[in-house]
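Here the structure is laid out as structure tokens; the discussion comes afterwards.
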Amino acid sequence: MKNLKLLAIAGIALGLFSCSDDPVLPEAPQVSIKSISGLEEVAQKDTLALVATVTSSAETDIVWKVNNEEVQAGDTLLFTAEVMGNYEISLKAVNAGGEHTATFAVDVFGMFRDGTFVLNEGNMTSENGTLIFISPKGVAIDSVYQKVNGSELGNTTQDLFIADGKMYIIAQNGDRMGGDGMLVVANAETLEKEAAFSNEDLAELSWASHVAVIGNSAYIRDNAGVYLLNLDSKALSFIEGTAGAMKNRMAVANEKVFVPAGKKILVLQNGEVKSEVELPGTISGLLLSADDKLMVSCSGSPSYILKVDPADYSIIKQNEIADFSVSAGWGASPAIGAKGDTVYFGSGTKICQHILATGATSVMTDVSEHIEHAGIVYNNLGVHPTTGEVYFNTLKGFGMDYLINDITVFNFSKEAPQMVHDFKDYTNFPAGFFFTANYR
């Protein structure tokens, strides 16, 4: 009996001793994915930086996958995609104790969804219109429509409008020089052409200049007035009472189109003139404000800047501008631009600011002090509705000097004005600025 007890004790001791030699496995790793920018979306061909956060007590292998296809190892993935759509990013971490996988969803949107467009008229005798794109990162790309489609816009492009994911570009002389048409419809995110209306399709129009769209109805302004185009059937009809519509941009609010016409705004709905809004002077600019009201400028002496309610057509605010003329000149774009109730307009090469709430007007800078060639201001300034930056187009002159030009961008949020960009020699008679944020 005594011997049995001794054997049992020895066996337990041996078992304990042998167990101490077994390897101690680490805990399985824990992993997560973080976007450095905080965003979960990215434009085509742009980069979204994703980093791995790994908690592990042992050596760990990391593998990234995109839509279940392995792409790389390492702590960081610089994700980019050529094709729009939803992507699943997965990150698997493996150590001796096990594995753990985290996922991250990324939406890739069209590279032209967010940014600023500058529409070039082109030289009506020798070249068609073109479209410049300026990205939110301040990168300018010329002729983007042509680069995407391999074909050109129409001749003397004057205006564009974005609605329901589509961009509508109107050309005064249409397809006479082999361009895609008088009215081109493109995907607003990719610029891929979806439809085109030829000079023959729109034969009734004479020097079409501006366009606005609600649903399947395009409102097109020409020398006679405003026409209604059914985008599905291509039926085109003149809207009675629109004679005198000015060669300047229209605005859309509350399912209605607002058209500048001398000293009044024509209100169009369902292909008819529903009302008219009388103003104290000749309209020089009309645009939709950030709070979905209408910001309006009137030229003359004195000039005026007003805010109008598109619901009942009442004048919310009317300020007299005594020391400046708020004129669009011969341009086909509004004399004003705005971020909120801070309004900007040009006076020659000077950029002026007007605060609607206080009525104060001041000169912010003179563009000619920042660049060498500011001989001609071509069309009018634009204001980014989110950043408040002011965009300005100048040419050295006419003749071949129009090829020497600047798109300057100014920030007035600091004590001294800052020119944050100067894009040299991109324009060919610019028709104006178009900010995608204005069409949300």
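In numbering that gives the first Met the number 0, the protein residues as written are 0 to 439.
Where a beta carbon is used, it is the ideal one built from N, C-alpha and C, also for glycine.
C-beta contact flag for residue i and residue j at 8 Å
| i | j | result |
| --- | --- | --- |
| Ser36 | Leu47 | yes |
| Ala116 | Phe132 | The residue asked about is misnamed: residue 116 is Phe in this sequence, not Ala. Result yes, Cβ atoms of Phe116 and Phe132 sit closer than 8 Å. |
| Gln29 | Thr54 | yes |
| Glu277 | Lys262 | yes |
| Gly180 | Glu151 | no |
| Gly284 | Ala252 | no |
| Met249 | His209 | yes |
| Val105 | Glu188 | no |
| Val382 | Ala337 | yes |
| Leu228 | Ile238 | no |
| Asn94 | Ala27 | yes |
| Glu191 | Asn148 | yes |
| Arg112 | Thr435 | yes |
| Ala162 | Tyr425 | no |
| Gln352 | Phe411 | yes |
| Ala101 | Ile61 | no |
| Ser332 | Asn379 | yes |
| Ile304 | Met245 | no |
| Ile350 | Met363 | yes |
| Gly96 | Leu24 | yes |
| Thr79 | Lys136 | no |
| Val212 | Val258 | no |
For residue i, the first and last residue of its enclosing alpha helix (DSSP H)
| i | result |
| --- | --- |
| Gln317 | Premise fails: Gln317 lies in the beta strand (DSSP E), Ile314 to Ile320, not in any alpha helix (DSSP H). |
For residue i, three-class secondary structure by DSSP
| i | result |
| --- | --- |
| Glu254 | coil |
| Glu40 | strand |
| Asp325 | A small correction: the amino acid at residue 325 is Val; Asp does not occupy that position in the sequence shown. Val325 falls in the coil class under three-state DSSP. |
| Val23 | coil |
| Ser367 | helix |
| Met294 | strand |
| Pro259 | strand |
| Asn215 | coil |
| Ile8 | With a pLDDT of 36 at Ile8, under the threshold of 50, the predicted position of this residue should be treated as unreliable, and no value is reported. |
| Asp60 | strand |
| Ile88 | strand |
| Ile282 | strand |
| Leu3 | Because the pLDDT of Leu3 is 33, which lies under 50, any placement of that residue in the model is unreliable, and the number read from its coordinates should be weighed accordingly. It is helical. |
| Lys246 | coil |
| Gly14 | Residue confidence is low: Gly14 scores 45 on pLDDT, short of 50, so the model does not pin down where it sits. Its coordinate-derived value is still stated next. Helix. |
| Ala234 | coil |
| Asn198 | coil |
| Ala356 | coil |
| Ser442 | The chain is shown only over 0 to 439; residue 442 falls outside these bounds and no answer can be derived. |
| Asn222 | coil |
| Thr75 | strand |
| Ser346 | strand |
| Ser288 | coil |
Terminal residues of the beta strand (DSSP E) in which residue i lies
| i | result |
| --- | --- |
| Lys33 | Gln29 to Ser34 |
| Glu502 | Any question about residue 502 goes unanswered here, given that the chain covers just 0 to 439. |
| Ala80 | Per DSSP, Ala80 belongs to no beta strand (DSSP E) and is neither H nor E. |
| Val276 | Glu271 to Glu277 |
| Phe103 | Gly97 to Phe108 |
| Lys306 | Ser302 to Val307 |
| Asn229 | Val225 to Asn229 |
| Thr54 | Leu47 to Thr54 |
| Gly330 | Run containing Gly330: none; DSSP gives neither H nor E here. |
| Gly339 | It is not in any beta strand (DSSP E) - Gly339 carries neither H nor E in the DSSP assignment. |
- request: Any chance you could list the beta strand (DSSP E) runs of at least 3 consecutive residues sitting entirely within the stretch 115-193, in chain order?
  value: 115-119, 129-133, 154-162, 165-173 and 182-186
message: Just to confirm the assignment: which complete beta strand (DSSP E) runs, minimum length 3, are found wholly within the stretch 370-439?
response: 389-394, 404-410, 417-423 and 429-434
message: With three or more C-beta pairs closer than 8 Å as the rule, is the stretch 143-152 touching the stretch 215-224?
response: No, the stretch 215-224 does not touch the stretch 143-152.
query: Touching or not, the stretch 405-416 and the stretch 361-369, by the rule of three or more beta carbon pairs under 8 Å?
result: yes
message: Can you confirm whether the stretch 117-126 touches the stretch 148-166 when touching is taken to mean that 3 or more C-beta pairs between the two stretches lie within less than 8 Å?
response: yes
The stretch 291-298 touching the stretch 266-273, judged by at least three CB pairs closer than 8 Å: no
- prompt: Are three or more beta carbon pairs between the stretch 345-363 and the stretch 160-175 nearer than 8 Å?
  reply: These segments do not touch.
field: Validate contact between the stretch 348-364 and the stretch 315-335 using beta carbons, cut 8 Å, 3 pairs
entry: yes
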